[in-house]
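**Student:** Pasting in a structure now, in structure tokens, and then I'll have a few things to ask.
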Amino acid sequence: LLGVVWRPFVGRQRMALRPLQRVLGCSRLWVHTRAYRQMAEGAAEVDVVGNLKAVQDRMVAAAAGAPLPRLVAVSKTKPVELLQAAYDCGQRYFGENYVQELVEKAPLMPDDVHWHFIGHLQSNKANQLVKGCPNLHCMETIDTIKLANTVNRAWEAAERGRRLRVMVQVNTSGEESKSGCAPGDAAELASHIAQNCPGLEFAGLMTIGMPDYSGCRAEDFLTLKSARDQCAEAVGVDPATLELSMGMSSDFEAAIQNGSSSVRVGSTIFGARVYNK
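Sequential numbering of the sequence shown, starting at 87, is according to my numbering.
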């Protein structure tokens, strides 16, 4: 495998390469012996089944009898082999941050997977995302009117026969490094989606809170709930009908205790991410 370039294959050639394709989680990339060995060994060492069960148990405890939120298993940089292990345990919601990675993985997973796109989307990649992932379930990172319009046009052109669920991403912490609209601008954006984007369904709000490894920070959650109330008034719906996507590996329990409808958990399930240098 040293220095081999993986290119698209057809017919029997492609089927013969499917086992390696599943392990690597993509269909074309430079394959090097060391990188392949590290990915394969890393996948073998991760106890996805045990990790997923532990997260689910912690969610139940945090909910304390209240309805459980959705669990979106965030699988960025992880091989399809690990996603399949989670799928085999009943996990159906998966989240990806990068368009290219999502469109590479989607055809390799069963059709009943519900994909959530949770990364920043450049407008010029909207068509690639929509065309490459027919079972895209939710786009969680709409943060401008321009992006909402672009995604709406791409979705309507794809003629999926359903509206695409979208969330407004809110920068609740005010960090310059974070995407998302200001809390005070969320209602205007939600209203625009509801009134001017017929291909989209405004489903709720999402935030990436300030890093807090104590799991105790609640300011971002409270800010998002307040923004939801404003959005609900703007579009004329009960706030309870709008979802709150908040909480990640370091703080999903606190998020659940503060009313999260959907948590996004990655490294706690799939292990620490390894980025190629």
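Just so you know, even glycine gets a beta-carbon here, dropped at the ideal spot from N, CA and C.
How long is the line joining the alpha carbons of F307 and Q208, rounded to whole angstroms?
**Tutor:** If you take the alpha carbons of F307 and Q208, they lie about 26 Å apart.
**Student:** Would you mind working out which of C267, V321, T309 sits nearest D85, comparing C-alpha positions?
**Tutor:** Missing from the structure shown is residue 85; the chain here goes from 87 to 363 and no further.
**Student:** Could you check which residue in E287, L215, A304 has the C-alpha nearest to that of Q249?
**Tutor:** Note that residue 249 is Arg in the sequence shown, not Gln. If we check each option's Cα against that of R249, E287 comes out closest.
**Student:** Less than 6 Å between C-beta atoms, sequence neighbours within five positions excluded: which residues of the same chain meet that for K211?
**Tutor:** So the list reads V185, once near-sequence residues are dropped.
**Student:** Could you tell me whether the stretch 133-149 touches the stretch 308-324, where touching means 3 or more Cβ pairs closer than 8 Å?
**Tutor:** At 8 Å Cβ cutoff, the stretches do not touch.
**Student:** Going by other Cβ atoms of all chains shown within 10 Å of its Cβ, with 16 needed for buried, is N282 buried or exposed?
**Tutor:** Exposed: under 16 other Cβ atoms inside 10 Å.
**Student:** Here's a check: name, in chain order, each residue in its chain whose Cβ is nearer than 6 Å to the Cβ of K164, leaving out the five neighbours to either side.
**Tutor:** Only F356 meet the Cβ criterion.
**Student:** Can you pull the DSSP bridge partners for L291?
**Tutor:** Note: L291 sits in a beta bridge opposite V254, L330.
**Student:** Nearest CA to the CA of G151: which residue from I342, A276, S331, L138?
**Tutor:** If we check each option's Cα against that of G151, I342 comes out closest.
**Student:** Rounding to the nearest angstrom, what Cα-Cα distance links T32 and A240 in this structure?
**Tutor:** Outside the shown range of the chain, which is 87 to 363, sits residue 32, and nothing can be said about it.
**Student:** Roughly how many angstroms separate the alpha carbons of M253 and R303, rounded to a whole number?
**Tutor:** Cα-Cα distance, rounded: 22 Å.
**Student:** To the nearest angstrom, how far is the alpha carbon of A280 from that of G176?
**Tutor:** If I take the Cα positions, the gap works out to 33 Å.
**Student:** Can you tell me which of the three DSSP states C283 falls into?
**Tutor:** C283: coil per DSSP, three-state reduction.
**Student:** Cα separation between K191 and A320?
**Tutor:** So the two alpha carbons sit approximately 37 Å from each other.
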